[in-house]
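The structure under discussion appears below in the form of structure tokens.
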Amino acid sequence: MTTDIKPAIPIRTITEKHPYSICFVCLGNICRSPTAEGVMQHLVTKAGLQSYFHIDSAGTASYHIGELPDSKSREVAGQHNVILRSRARQLRSDDLSEFDLILAMDHENYSDILALDRKNLFSDKVALLRSFDPYPNHMAVPDPYYGGLDGFEKVYEIIRRSCSELLEVLETHIEFES
Ligand code: 4NP
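If you want it as structure tokens, here you go:
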């Protein structure tokens, strides 16, 4: 198992016409990655940077295409004033060329993303979200799907911490131009 995946931050100047794009990826795109999408959108909006970012999420599997996020994910996020509105979709190989940064929730998602990159052109833009977590533990955001609300709360906190740090790193390294 890989635990030493370091954050890959592709750096460029970003403008409102060419925003920095981030895709969060988990298995089903109904629990972890839509939460990360909602939290990151909330954070960039709070920072007044919403027109400089395009935030999205996707799943490596197709089981839940078109569905709203899991009701427990929506409940926990809602308690933090984060509304999850996305609909599940499956990650496509074109996402690897189109996004600036692709962040996997766990090691299996990470390998499944790289499996779509047959010519190994985009691995520098793929990383684990928890490589930004100040308390990364084993680097995986645990899958809460089969558990209770407490697991979803734990996942929310991991994601909130990791996304806050991610935004700080991005704000430090990226040049914003109007
Ligand atoms: P997610 O959680 O990958 O965080 O969206 C899961 C959602 C659905 C399933 C597994 C994990 N499933 O097996 O259907």
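Heads up: the sequence shown begins at 69 in the working numbering, then just goes up one per residue.
From the three backbone atoms N, C-alpha and C, an ideal C-beta is built for every residue, glycine too.
None of the values given here were measured: they were computed from a predicted structure.
Coarse secondary structure for residue i, derived from DSSP in three states
{"i": "Thr103", "result": "helix"}
{"i": "Leu189", "result": "coil"}
{"i": "Leu197", "result": "helix"}
{"i": "Leu171", "result": "strand"}
{"i": "Glu245", "result": "coil"}
{"i": "Val237", "result": "helix"}
{"i": "Ile82", "result": "strand"}
{"i": "Tyr88", "result": "strand"}
{"i": "Glu135", "result": "coil"}
{"i": "Leu182", "result": "helix"}
{"i": "Leu152", "result": "coil"}
{"i": "Arg228", "result": "helix"}
Residue i versus residue j - alpha carbon distance
{"i": "Asp162", "j": "Glu243", "result": "26 Å"}
{"i": "Lys193", "j": "Glu166", "result": "11 Å"}
{"i": "Ile21", "j": "Arg198", "result": "Within the shown structure, residues of the chain are numbered from 69 to 246, placing residue 21 beyond reach of any answer."}
{"i": "Phe220", "j": "Arg186", "result": "34 Å"}
{"i": "Ala183", "j": "Ser230", "result": "25 Å"}
{"i": "Leu95", "j": "Ala129", "result": "6 Å"}
{"i": "Glu236", "j": "Ser89", "result": "16 Å"}
{"i": "Ser119", "j": "Pro137", "result": "24 Å"}
{"i": "His241", "j": "Ile79", "result": "7 Å"}
{"i": "Glu176", "j": "Ala126", "result": "14 Å"}
{"i": "Lys114", "j": "Asn149", "result": "12 Å"}
{"i": "Cys91", "j": "Glu105", "result": "8 Å"}
{"i": "Tyr131", "j": "Asn188", "result": "27 Å"}
{"i": "Pro202", "j": "Glu233", "result": "8 Å"}
{"i": "Asp168", "j": "Phe190", "result": "9 Å"}
{"i": "Thr81", "j": "Leu111", "result": "20 Å"}
{"i": "Ser246", "j": "Gly116", "result": "13 Å"}
{"i": "Asn97", "j": "Leu152", "result": "12 Å"}
{"i": "Arg228", "j": "Val209", "result": "11 Å"}
Residue i Cβ short of 8 Å to the ligand 4NP heavy atom set
{"i": "Gly96", "result": "yes"}
{"i": "Gly216", "result": "no"}
{"i": "Cys99", "result": "yes"}
{"i": "Gly127", "result": "yes"}
{"i": "Tyr213", "result": "yes"}
{"i": "Met108", "result": "no"}
{"i": "Ser138", "result": "Position check: residue 138 holds Asp in this sequence, whereas Ser was assumed. Checking every heavy atom of the ligand 4NP against the Cβ of Asp138, one is found closer than 8 Å."}
{"i": "Met207", "result": "no"}
{"i": "His175", "result": "no"}
{"i": "Tyr131", "result": "yes"}
For residue i, the residue or residues it bridges with in DSSP
{"i": "Gln158", "result": "Gly127"}
{"i": "Val93", "result": "Ala126, Ala172"}
{"i": "Phe121", "result": "Tyr88"}
Residue-level contact to chain C via CB, residue i, 9 Å cutoff
{"i": "Ile79", "result": "No chain C is part of this structure, which consists of one protein chain only."}
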